[in-house]
Amino acid sequence: MLLDRKFLKFAVRKLWMRCSAQEAMLTNQEKAQCVLWYHDTRSSTTVQRHLTTFGRNPPDVKSIKTWYEKFKNTGSVADLPRSGRPRTSADRVEAVRQSFLRSPKKSVRRASRELQIPKSSLHDILHKLLLFRAYKVQIVQALLPNGSTCPYDSAVEMLSRIEDDDGYLRRIAFSDEATFFVNGVANRHNVRIWGSQPPGEVMECIRGSPKVNVWCSLLHDRIIGPFFFAEATITSAVYLDMLQLYAVPQLLQYHPDVLFQQDGAPPHWGLDVRACLDITFSGRWIGRDGPTVCPPHSTDITPLDFFLWDYVKDEVYRTRVPDPETLRQRITTVVESIPPVMLANVWTEIEYPLDVIRATKGAHVEVY
Numbered sequence: 001m002l003l004d005r006k007f008l009k010f011a012v013r014k015l016w017m018r019c020s021a022q023e024a025m026l027t028n029q030e031k032a033q034c035v036l037w038y039h040d041t042r043s044s045t046t047v048q049r050h051l052t053t054f055g056r057n058p059p060d061v062k063s064i065k066t067w068y069e070k071f072k073n074t075g076s077v078a079d080l081p082r083s084g085r086p087r088t089s090a091d092r093v094e095a096v097r098q099s100f101l102r103s104p105k106k107s108v109r110r111a112s113r114e115l116q117i118p119k120s121s122l123h124d125i126l127h128k129l130l131l132f133r134a135y136k137v138q139i140v141q142a143l144l145p146n147g148s149t150c151p152y153d154s155a156v157e158m159l160s161r162i163e164d165d166d167g168y169l170r171r172i173a174f175s176d177e178a179t180f181f182v183n184g185v186a187n188r189h190n191v192r193i194w195g196s197q198p199p200g201e202v203m204e205c206i207r208g209s210p211k212v213n214v215w216c217s218l219l220h221d222r223i224i225g226p227f228f229f230a231e232a233t234i235t236s237a238v239y240l241d242m243l244q245l246y247a248v249p250q251l252l253q254y255h256p257d258v259l260f261q262q263d264g265a266p267p268h269w270g271l272d273v274r275a276c277l278d279i280t281f282s283g284r285w286i287g288r289d290g291p292t293v294c295p296p297h298s299t300d301i302t303p304l305d306f307f308l309w310d311y312v313k314d315e316v317y318r319t320r321v322p323d324p325e326t327l328r329q330r331i332t333t334v335v336e337s338i339p340p341v342m343l344a345n346v347w348t349e350i351e352y353p354l355d356v357i358r359a360t361k362g363a364h365v366e367v368y
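Per full-length UniProt numbering, residue 1 is the first one in the sequence shown, and the count goes up by one each step.
Printed below as a string of C-alpha cells:
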C-alpha cells in the first residue's frame, strides 16, 4: 500500500520540529528524511548517496528498510516507549520493611532468600523506597557492673551543682591534650580522628610521622592555649611542669574561684599532680580521685572532645601539612580565631550528655 505523499511530507516536517538534532547515530529527523527519500526512489543506494553528500556516514540497507516499515506501521521512526520493569508493589515494600524492623541485623543476602526477592531489587527497596541506611555497630569499652553507677552518680552530682548555681558551668575550665601528626592524623589518647578530605582523595599514613602534643583549656568565653609540649611523651612530671608554669597562673588570673577539669589519663593521676591541684584549686577541681569525680570513660562529655579537636583538625588539614612547625602555626591560628560566640554556643550543649548519662543510668553517651 503506497503512502500518501502529502501526509508523508507533513509527518516528516513534524518530526524535524519535534526531534533533537544531536545524537550519537542518525537523529530521528534524519531517519525520517531517509524514509522520504526511500519512498520517492525505492532505492536504498540512493538514500545512502544523499546522506554521503551531507557529510554523514550512510546507514546499511537493512536499517533504511526497517525505518520505512516502522513509519508505515506506526507513523513514526522513533522507538516505541518500553514497558520497563514492573513497579515494586506496596505489599512487597511493606514485607521488606517489616522483615528488617523485626531483625535489623539481618543481612541482605538472608532477606533475599527469605522474601524471594532479588538482591538488586532488595537494595533498591531499602535505599530508594524505605530510605534505610546500613549503620556500622560502634564498639565501646564495656562498663562493668561494679563501676556502672559511677558515671551516673557523677552526672547527677554535676547536674545538681549546675541547677543550684547558675554560674557553675561558667567557672569550669575544661582541659585536655591531643596529638596531631604531620601526615594528617589527630590522635586523642587512644582514638584516631582523620581530617576531612574531598571524596576520592587518599591521605597517606606514614609510620613514625612527626607529631606535636598540644594542650588547651576551654572556658565559656575564651581558650587558654594552645600549649605545645617539647617532649614526645607526656609524663606526670611533664604535665605538672605545664600546669605550674603555664596553665595555673592564667587560670587564677581569669577567676580566683575557677573550677579546673581534667580527665583520668595516667599523666593526670600522678601523686604530685593531684597534690598540686589540691593546693591550688582546693575543693575546686574535677577529675579522677578529685573533689568532684569526673565520670570514667567520659571523653564524650567535654567540649574539647565533642567540639574543639574535631574543629581544629578539620581546619588544619584542609591542605597538606609539610612539617611540624607549619602544623604548630596552623593549630595556633585556628585556636586563636575561634570567636567567643562560638564558645557560648558550645557551652549550651554541655548539659545534654550529662542528661543522657542520668537518663540512661550511665550508658555510653556517644551512642545517643
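Just so it is clear, CB atoms sit at the ideal spot from N, CA and C, and this is done for glycine as well.
{"Query": "N- and C-terminal bounds of the beta strand (DSSP E) containing V293", "Result": "It is not in any beta strand (DSSP E) - V293 carries neither H nor E in the DSSP assignment."}
{"Query": "Per-residue burial, K106 [other beta carbons within 10 Å of its own, 16 or more giving buried]", "Result": "exposed"}
{"Query": "L343 beta carbon less than 8 Å from that of D221", "Result": "yes"}
{"Query": "Nearest-angstrom beta carbon gap, R284 and L259 [assumed within contact, 8 Å]", "Result": "5 Å"}
{"Query": "Closest by C-alpha distance to T27, when choosing among F181, N57, D40", "Result": "N57"}
{"Query": "Residues sharing a beta bridge with W215, DSSP", "Result": "E177, F227"}
{"Query": "Buried/exposed call for L271, threshold 16 Cβ in 10 Å", "Result": "exposed"}
{"Query": "Start and end residues, alpha helix (DSSP H) containing Q262", "Result": "Counting along the chain, Q262 falls outside any alpha helix (DSSP H), and DSSP gives it neither H nor E."}
{"Query": "Three CB pairs or more closer than 8 Å across the segment 167–187 and the segment 245–265", "Result": "yes"}
{"Query": "Extent of the continuous alpha helix (DSSP H) to which K119 belongs", "Result": "119–124"}
{"Query": "Selection from T52, E69, E30 that minimises the alpha carbon distance to R42", "Result": "E69"}
{"Query": "Element boundaries [alpha helix (DSSP H), containing L26]", "Result": "No alpha helix (DSSP H) holds L26; DSSP gives it neither H nor E."}
{"Query": "Identified DSSP bridge partners for I286", "Result": "Q261, T292"}
{"Query": "Separation of E325 from S209, as counted between CA atoms", "Result": "13 Å"}
{"Query": "Sub-8 Å separation of H127 and V108 beta-carbons", "Result": "no"}
{"Query": "Status (buried if at least 16 other CB within 10 Å, exposed otherwise) for T319", "Result": "exposed"}
{"Query": "Residue environment, Y352, which counts as buried when at least 16 other CB atoms sit within 10 Å", "Result": "exposed"}
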